[in-house]
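Numbering (the numbering used here), first residue to last: 1 to 264. In what follows, a single structure is set out as structure tokens and then discussed.
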């Protein structure tokens with residue numbers, strides 16, 4: 001069995017050697033290793049080969065016992081043995097040729113994690129810049145992320161999922177007259193990929209289906225993504241600065257009402 005392992009180790013001499021020793025004693029072979037240094041700790045990505053009877057839980061127990069913290073383990077295949085810088089270069093080429101492939105490329109590179117190391121955040125930011133530049137000189141393509149992001153529409157909320165991980169959510173709250181209060185959040189690692197736009201459209205449809213004519217959301221005063229998300233969703237809104245932050249009033253005129261439809 002092949003597993004991709006991510007863990008944090010103390011940034012001290014010998015910490016990685018202890019992990020390697022534990023793996024060797026258990027008959028687990030480390031086939032690939034990527035190290036992301038951070039302040040006071042080191043994030044390690046490993047691809048390991050285990051005996052066929054091993055489960056992901058057994059790998060977690062092994063790594064935790066060797067001093068690993070925040071351990072995540074997912075099954076993988078031999079394609080995860082590709083050299084990481086080479087994989088990022090190939091992803092850059094793919095994004096320049098097709099900007100809307102960005103979410104799929106990031107998912108393939110990083111998996112469906114909701115947080116990334118500092119090094120991965122920098123790489124993803126540069127890859128996103130490539131996609132933005134490519135979009136500026138190319139005609140619009142298909143909806144971003146349609147191949148990897150699923151939207152689960154319930155009665156009062158919409159969840160954006162990548163695999164089993166929730167990377168974004170929009171929820172309806174109190175209804176005041178014809179307006180409904182709502183919240184919308186996308187995990188920092190998955191912003192600027194069109195997820196917020198899709199969540200806004202879906203939650204607006206739910207609000208319209210509940211009979212509301214206006215959606216009211218509150219955002220931090222330093223939030224810079226409000227206007228781009230509204231523009232990308234093709235919706236009109238009024239933004240006011242209040243003591244609690246930015247009060248965003250979105251008109252639901254012309255929004256097609258929807259009800260709970262499950263996963264789409």
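Glycine included, every Cβ here is placed at the ideal spot set by N, Cα and C.
Please list the terminal residues of the continuous alpha helix (DSSP H) segment that includes residue i.
i: residue 86; result: 84-97
i: residue 148; result: Taken as a continuous stretch (DSSP letters only), residue 148 belongs to no alpha helix (DSSP H), as it is neither H nor E.
i: residue 201; result: 195-209
Which stretch, first to last residue, makes up the beta strand (DSSP E) that contains residue i?
i: residue 107; result: From DSSP, residue 107 is part of no beta strand (DSSP E) but of the alpha helix (DSSP H) over 102-110.
i: residue 66; result: Here residue 66 belongs to no beta strand (DSSP E), and DSSP marks it neither H nor E.
i: residue 217; result: 214-219
i: residue 4; result: 2-10
i: residue 161; result: 157-162
i: residue 43; result: 41-49
i: residue 183; result: 179-186
How many Å lie between residue i and residue j at the Cα?
i: residue 61; j: residue 68; result: 9 angstroms
i: residue 194; j: residue 21; result: 44 angstroms
i: residue 73; j: residue 59; result: 7 angstroms
i: residue 42; j: residue 8; result: 6 angstroms
i: residue 199; j: residue 45; result: 31 angstroms
i: residue 143; j: residue 17; result: Because the pLDDT of residue 143 is 42, which lies under 50, any placement of that residue in the model is unreliable, and the question is left without a value.
i: residue 241; j: residue 129; result: 30 angstroms
Helix, strand or coil for residue i per DSSP?
i: residue 265; result: Residue 265 lies beyond the residue range present for the chain, which begins at 1 and ends at 264; the question has no answer from this structure.
i: residue 237; result: strand
i: residue 252; result: coil
i: residue 60; result: helix
i: residue 27; result: coil
i: residue 141; result: No answer about residue 141 holds up, because its pLDDT of 41 lies below 50 and its placement is not dependable.
i: residue 78; result: helix
i: residue 15; result: helix
i: residue 136; result: helix
Using the rule of at least 16 other Cβ atoms within 10 Å of the residue's Cβ for burial, across every protein chain shown, is residue i buried or exposed?
i: residue 256; result: exposed
i: residue 253; result: exposed
i: residue 99; result: buried
i: residue 28; result: buried
i: residue 93; result: exposed
i: residue 197; result: buried
i: residue 31; result: exposed
i: residue 145; result: With a pLDDT of 42 at residue 145, under the threshold of 50, the modelled position of this residue cannot be trusted; read the value that follows with caution. Burial call: buried.
i: residue 201; result: buried
For residue i versus residue j, is the C-beta spacing smaller than 8 angstroms?
i: residue 218; j: residue 207; result: no
i: residue 51; j: residue 2; result: no
i: residue 149; j: residue 103; result: yes
i: residue 180; j: residue 134; result: no
i: residue 246; j: residue 226; result: yes
Within 8 angstroms (strictly less), CB to CB, does residue i reach chain B?
i: residue 192; result: Absent from the structure: chain B. Only one protein chain is present.
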